[in-house]
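Residue numbers (my numbering), protein chains in the order written: chain R, 1 to 116; chain L, 1 to 322.
All C-beta atoms, glycine included, are put in the ideal place defined by N, C-alpha and C.
All values reported here derive from a predicted model rather than from experimental measurement.
Notes follow once the structure below has been shown.
Shown next as structure tokens:
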């Protein structure tokens, strides 16, 4: 009886390990399937603009100017710190919608992300 | 002496409209400093590079002060890898003026990224200036990340709202305005209703002969809205100053000197002490302009302002750091 319990315990542990391994593999491949969409900030312009992506997508903004910029949504739902040259900001859009954003340091710079 | 004649620009408020030759000449200075002399309510402007040829007597008025701008402490990109060095050169230039200024106005972008050590660096260097009083207004680079909290803690002790204030010196009324806060997507610089209302009450008691000097970071006239070089509600601010015979507006932000006269108002933008920016529309963006190292100091500068009671112009003299 004791032996059976032990065997069962080992078997359960083995199944758990396999399940966890399977989950982590699935998780890893999900990340690889959806690399961040790049938006560059260059010459005081966000490009490409607008950007249309599926729900769950991550956008990565990279500042290529010699002047700091930031990325602030008009409704303040996301806001980066000031990005110095070559610094990046990433944000994952989990709900569909149209997100307008701007650089609050240079408000003439505006952009739009459409999440479908 | 020939240099002096070349660089001096005298604006007379009795002339209407823009002195186009003078304006173009100012454009050519791109980035020099300025010395301003209030003479009889009108600001006289001289290029500092020409000051050596000007007599001290000519420069003398009831009040003289210096404007510096856009020191961008912390900037270290190719356009200028030593902004501390060029700010120091600007201070040396101030200390060498024939008439020592009563105080210094700094029209913002003190720092590049609003970092405490950047503010400290500027404070430390300005301790070396002969003029001990420095009056600030913030630039958009001084309020990054904290909505101007740190700026207000450092410089806003006697200020209202986001940092606006006024003071009087030798009969001249100075108004420091903040137009870099709560900027809206797609918009320009902004003063806001609260500040405009404060300004109205601030000038209500003044006689119309009081010379007014308004200073703010972003230009209070439409220099080039495409690059954000203007302030959405500047007309409302200037409208509140209509009764005054002499209004001088001093701005920074665009890293080059420009002047314009509109009725009773003379507008000046100042050079940066850190790096030049392109002329409006002359480049894809208003980013820092790299010039050959040996030319850098010729496009950076300070401005000296002089007031002489009884005359109708403040003298404004821009001079480069060369």
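Cβ-Cβ distance between residue i and residue j below 7 Å
i: residue 132/L; j: residue 63/L; result: no
i: residue 146/L; j: residue 272/L; result: no
i: residue 180/L; j: residue 228/L; result: no
i: residue 141/L; j: residue 111/L; result: yes
i: residue 54/R; j: residue 116/R; result: yes
i: residue 266/L; j: residue 213/L; result: no
i: residue 289/L; j: residue 276/L; result: yes
i: residue 48/R; j: residue 185/L; result: no
i: residue 345/L; j: residue 136/L; result: A question about residue 345/L goes unanswered here, because the residues of chain L that appear run from 1 up to 322.
i: residue 250/L; j: residue 67/L; result: yes
i: residue 89/R; j: residue 71/R; result: yes
i: residue 57/R; j: residue 37/R; result: yes
i: residue 291/L; j: residue 61/L; result: no
i: residue 244/L; j: residue 208/L; result: yes
i: residue 211/L; j: residue 246/L; result: yes
i: residue 240/L; j: residue 200/L; result: yes
Listed by chain order, chain L residues near residue i by CB distance under 7 Å
i: residue 67/R; result: 287 and 288
Three-state secondary structure (DSSP) of residue i
i: residue 325/L; result: Only positions 1 to 322 of chain L appear in this structure, which leaves residue 325/L out of reach.
i: residue 49/L; result: Any reading at residue 49/L is ruled out, since the residue's pLDDT is 48, under 50, leaving its predicted position unreliable.
i: residue 75/L; result: coil
i: residue 265/L; result: strand
i: residue 68/L; result: strand
i: residue 61/R; result: strand
i: residue 115/R; result: strand
i: residue 221/L; result: coil
i: residue 104/L; result: strand
i: residue 49/R; result: coil
i: residue 69/R; result: strand
i: residue 160/L; result: strand
i: residue 206/L; result: coil
i: residue 325/L; result: Examination of residue 325/L is not possible in this model, given that chain L is present from 1 through 322 alone.
i: residue 112/L; result: coil
i: residue 119/L; result: helix
i: residue 38/R; result: strand
i: residue 178/L; result: coil
i: residue 173/L; result: strand
i: residue 199/L; result: helix
i: residue 398/L; result: In the structure displayed, chain L extends from 1 to 322; residue 398/L sits before or after that span and is not available.
i: residue 142/L; result: helix
i: residue 254/L; result: coil
Chain R residues whose Cβ lies nearer than 9 Å to that of residue i
i: residue 144/L; result: 68, 70, 81, 82, 104 and 105
i: residue 221/L; result: Near residue 221/L there are no residues of chain R at all, since even the closest Cβ is about 17 Å away, more than 9 Å.
i: residue 118/L; result: Those within 9 Å of residue 118/L in chain R number zero; the least Cβ separation is about 12 Å.
i: residue 113/L; result: 68, 82 and 84
Contacts that residue i makes with chain R (C-beta to C-beta distance below 7 Å)
i: residue 185/L; result: 74, 100, 102, 107 and 110
i: residue 284/L; result: 43
i: residue 140/L; result: 105
Nonlocal neighbours in the same chain, by C-beta distance under 7 Å from residue i, ignoring five residues either side
i: residue 28/R; result: Because residue 28/R carries a pLDDT of 40, less than 50, the predicted location of this residue cannot be relied on, and the following value inherits that uncertainty. No residues qualify anywhere along the chain.
i: residue 192/L; result: 182
i: residue 255/L; result: 31, 70, 271, 272, 275, 276 and 277
i: residue 162/L; result: 148, 178 and 181
i: residue 158/L; result: 165
i: residue 323/L; result: Residue 323/L lies beyond the stretch modelled for chain L, which goes from 1 to 322, so this question has no answer here.
i: residue 172/L; result: 38, 63, 211, 213 and 307
i: residue 156/L; result: 163
Contacts around residue i, its chain only, beta-carbon distance under 8 Å, and the 5 residues preceding and following it disregarded
i: residue 109/R; result: 41, 44, 45, 46, 69, 102 and 103
i: residue 95/R; result: 55 and 115
i: residue 84/L; result: 73, 121 and 125
i: residue 194/L; result: 161
i: residue 34/R; result: 56, 57 and 58
beta-carbon residue i near the ligand ZN non-hydrogen atom, thresh 6 Å
i: residue 268/L; result: With respect to the ligand ZN, the structure offers nothing, as it holds no ligand at all.
Neighbouring residues, chain L, relative to residue i (Cβ below 8 Å)
i: residue 49/R; result: Near residue 49/R there are no residues of chain L at all, since even the closest Cβ is about 13 Å away, more than 8 Å.
Contact set between residue i and chain L, taken where Cβ atoms lie within less than 9 Å
i: residue 85/R; result: 77
Residues that residue i contacts on chain R, provided the C-beta gap is smaller than 8 Å
i: residue 228/L; result: 106, 107 and 108
Proximal residues to residue i (C-beta, below 6 Å), its chain only, five neighbours per side dropped
i: residue 65/L; result: 101, 102, 103 and 305
i: residue 268/L; result: 250, 259 and 316
Does the segment 59-67 of chain R come within contact of the segment 164-177 of chain L, defined as at least 3 CB pairs closer than 8 Å? Result no; under three Cβ-Cβ pairs closer than 8 Å.
Is there contact between the segment 89-105 of chain R and the segment 209-223 of chain L, where contact requires at least three CB pairs shorter than 8 Å? The answer is no - the segment 209-223 of chain L does not touch the segment 89-105 of chain R, with fewer than three Cβ pairs under 8 Å.
Quick check: the segment 111-126 of chain L against the segment 74-86 of chain L, are there 3 or more CB pairs under 8 Å? Verdict: yes, contact present.
With a threshold of 8 Å, are at least 3 pairs of Cβ atoms found where one atom belongs to the segment 226-242 of chain L and the other to the segment 78-92 of chain L? With the cut-off at 8 Å, the segment 226-242 of chain L and the segment 78-92 of chain L do not touch.
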